[in-house]
Amino acid sequence: MNRADAARLREELERRGYRATREPDEARLLILNTCVVRQNAEDKVIGRLNSLKPLKRDGQERALLVMGCFVGSAEEGQSGRGLASLHQEYPFVDAFFPPSDIAGVLEYVERWDRERGDGLRCGEPLTAPEVSEGVPISYGCDHHCTYCIVALRRGSQRSRPVADIVRDVQDLVARGAKEIVLLGQNVDAYGSDLPPDAAGRRPNLSAVLRAIHGIEGLWRIRFLTSHPRDMTQEIIDTVAALPKVCECWELPVQAGDDVVLRRMGRGYTVAHFRDLVQRIRQATPDCALNTDVIVGFPGETEEQFERTLALVRELRFDMVHVAAYSPRPGTPAARLEDDVPAAEKDRRRVLIEEVQTEIAAEINARLLGRQVEVLVDGQQGGRWRGRTRTNKLVFFAAPGDWLGRLAHVRITWAGPWSMRGEPAGGDPED
Ligand code: SAM
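All residue numbers for the sequence shown refer to our numbering, where the first residue is 26 and numbers rise by one.
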């Protein structure tokens with residue numbers, strides 16, 4: 026989401042005649058977009074802010090703007106630490122903006138530059154979009170997971186109108202993007218906050234998928250992330266029915282124990298999650314299923330952790346993002362004792378990662394000798410790099426320009442995190 030926001034901000038600034046620089050010390054405007062989902066992310070923000078501080082004192086007139094979850098939403102402004110304390114703590118920052126407040130940043134930049142005679146505009150052409158671009162469909166979150174700061178900092182869910190999403194996708198595809206990733210904290214809850222039409226129906230994720238599916242030049246559609254409580258059979262059936270929608274699911278389970286799930290405020294049971302997985306795999310048999318897990322939630326016993334590990338073994342996800350629980354200020358869980366020691370959280374995290382590495386290696390090994398469709402999005406280490414429909418990383422060496430093309434690649438080597446192969450006939454112009 027932050028990367029998509031940064032890309033849109035860059036694009037809007039370029040439309041207004043501004044140009045990005047590679048090095049912070051070459052920039053007159055510095056805009057830091059921030060994440061604080063875990064303490065280490067927040068520590069990075071603080072480290073980055075401190076490293077930018079000297080640039081405010083080197084005689085060059087610059088503006089330093091900070092946006093994102095480090096700042097928080099206007100809603101939290103009333104109850105959270107608020108702008109006044111941020112300004113006090115970071116007096117060298119010129120302005121703070123809530124997450125995704127692109128309009129706010131643009132207004133500030135234009136005013137700042139105008140007051141200085143519009144000296145920063147140079148009117149260079151727009152940077153081309155990436156092969157795969159993210160488009161936010163909703164902001165904020167209506168869930169109240171007891172460990173999570175995101176809902177507090179991003180505020181409640183605000184779904185964008187379908188027409189705005191379609192316009193953004195059309196624009197990105199017209200300028201060269203081939204794949205669109207629909208983004209939201211819980212994309213499958215899209216629309217629940219929108220007004221119903223005359224027939225009492227609200228637009229949902231299925232409607233968005235159908236609305237963009239016909240866009241010519243758009244080859245692939247993805248969406249992330251979903252919440253198990255919001256996933257519906259209609260969405261599952263829509264993914265199965267629309268060929269451009271990739272059969273790749275991001276469905277965070279977080280824990281494999283009902284007591285822990287309840288204490289996390291997740292609103293579903295392990296049985297419900299299993300049932301969803303079964304229905305997803307039935308409707309999209311060759312799909313990839315990725316999940317998130319938190320280990321070391323307050324009070325998580327060895328037995329409860331073992332149930333999470335067993336679920337990871339049983340469901341054989343394609344990818345598991347494991348995080349050690351990190352207490353976040355203002356969340357209900359932060360009031361509980363953080364009683365799983367850091368070393369034990371690490372042990373649990375590593376155990377899950379080890380089991381998952383084996384599973385991922387086995388899943389990928391099944392592709393050996395088979396041909397997969399790869400959308401090429403760049404070059405790395407002298408090879409072309411791309412992703413399968415199931416979002417698996419594939420490298421191959423081939424002459425010609427494959428960027429932004431679909432390659433048919435026969436897999437010759439498979440590891441847990443990536444695969445290598447050779448193009449199965451044809452050249453990029455075919
Ligand atoms: N739709 C998603 C869901 O169902 O939870 C929302 C993704 S959440 C914004 C991003 C991920 O960060 C979560 O899935 C969780 O694993 C992790 N996360 C959030 N808060 C955390 C915390 N306090 N400690 C550790 N990991 C956390």
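No residue lacks a Cβ here, since even glycine has one placed at the ideal position from N, Cα and C.
Mind checking whether residue i and residue j have CB atoms under 9 Å apart?
i                 : j              : result
glutamate 204     : leucine 400    : yes
alanine 223       : valine 187     : no
glycine 281       : valine 295     : yes
asparagine 211    : cysteine 166   : yes
glutamate 174     : valine 62      : Going by the sequence as given, residue 174 is isoleucine instead of glutamate. Yes, the Cβ-Cβ distance between isoleucine 174 and valine 62 is below 9 Å.
arginine 87       : leucine 55     : yes
phenylalanine 121 : leucine 90     : yes
valine 365        : arginine 373   : yes
valine 347        : glutamate 387  : no
arginine 412      : valine 380     : no
arginine 247      : cysteine 273   : yes
methionine 256    : aspartate 193  : no
aspartate 262     : serine 217     : no
isoleucine 240    : valine 284     : no
arginine 291      : glycine 324    : no
alanine 449       : asparagine 389 : no
leucine 334       : leucine 376    : yes
leucine 34        : isoleucine 127 : yes
Could you work out which residue in the options is closest to residue i when comparing CA atoms only?
i             : options                        : result
glutamate 149 : Glu36, His168, Val134          : Glu36
aspartate 119 : Ser125, Val130, Asp126         : Val130
leucine 145   : Arg254, His252, Arg44          : Arg44
aspartate 402 : Glu86, Met344, Trp427, Leu77   : Trp427
alanine 202   : Ser163, Thr171, Ser184, Gly242 : Gly242
leucine 249   : Leu80, Asn416, Cys147          : Asn416
histidine 168 : Ser251, Ala423, Val285, Gln405 : Ser251
leucine 80    : Asn65, Arg408, Glu48           : Glu48
glycine 407   : Gln258, Thr152, Gly425, Leu336 : Gly425
arginine 41   : Thr152, Ala66, Met92           : Thr152
proline 253   : Gly107, Lys69, Tyr293          : Tyr293
threonine 46  : Cys147, Tyr115, Ala128, Gly142 : Cys147
leucine 57    : Leu392, Gly142, Val70, Ala66   : Val70
aspartate 50  : Arg395, Glu140, Gly84          : Gly84
aspartate 311 : Gln258, Leu392, Asp68, Leu361  : Leu392
methionine 92 : Gln258, Val375, Arg28          : Arg28
Leaving out the 5 sequence neighbours to the left and right, which residues in its chain are closer than 7 Å to residue i when beta-carbon positions are compared?
i             : result
glycine 446   : Val419, Phe421, Val434, Arg435, Ile436, Thr437
glutamine 103 : The pLDDT assigned to glutamine 103 is 42, lower than 50, so where the model puts this residue is not dependable; a value taken from the coordinates is nonetheless given after this. Cβ neighbours of glutamine 103 beyond the five flanking positions: none.
arginine 178  : Val61, Cys94, Gly97, Ser98, Glu101, Pro124
tyrosine 133  : Leu90, Ala120
arginine 332  : Gly281, Asp282
leucine 314   : Trp274, Leu276, Val302, Ile305, Phe342, Asp343
leucine 340   : Val302
alanine 359   : Pro352, Arg353
glutamate 398 : Thr413, Arg414, Leu431, His433
proline 357   : Thr171
So if DSSP puts residue i in a beta bridge, which residue, or which two residues, is it bridged to?
i                 : result
leucine 57        : Val91
cysteine 273      : Ala313
phenylalanine 122 : Met92
isoleucine 436    : Gly446
glycine 403       : Arg410
glutamate 114     : DSSP, once it has assigned bridges, lists no residue as partnering glutamate 114.
glutamate 398     : His433
leucine 361       : Answer is none; leucine 361 lacks a bridge partner.
leucine 208       : Pro161, Leu249
leucine 418       : Arg412
alanine 349       : Val320
glutamine 279     : Val318
arginine 183      : Tyr164
methionine 344    : Asn315
Grab me the residues of residue i's own chain with a C-beta within less than 6 Å of its C-beta, minus the 5 sequence neighbours each way, in chain order.
i             : result
aspartate 455 : With a pLDDT of 48 at aspartate 455, under the threshold of 50, the modelled position of this residue cannot be trusted, and the question is left open.
valine 278    : Phe298, Thr316
tyrosine 350  : Ile319, Gly321, Phe322
arginine 53   : Arg87, Leu145
serine 163    : Gln182, Ser184, Gly209, Tyr215
Excluding sequence positions up to five away, which residues of its chain have a Cβ less than 8 Å from the Cβ of residue i?
i              : result
alanine 32     : Pro154, Glu155, Glu158, Gly159
alanine 308    : Ile261, Asp262, Val264, Ala265
tryptophan 442 : Ala385, Leu418
isoleucine 190 : Val160, Ile162, Leu207, Val233, Ala236, Ile237
proline 268    : none
glutamine 404  : Arg410, Leu428
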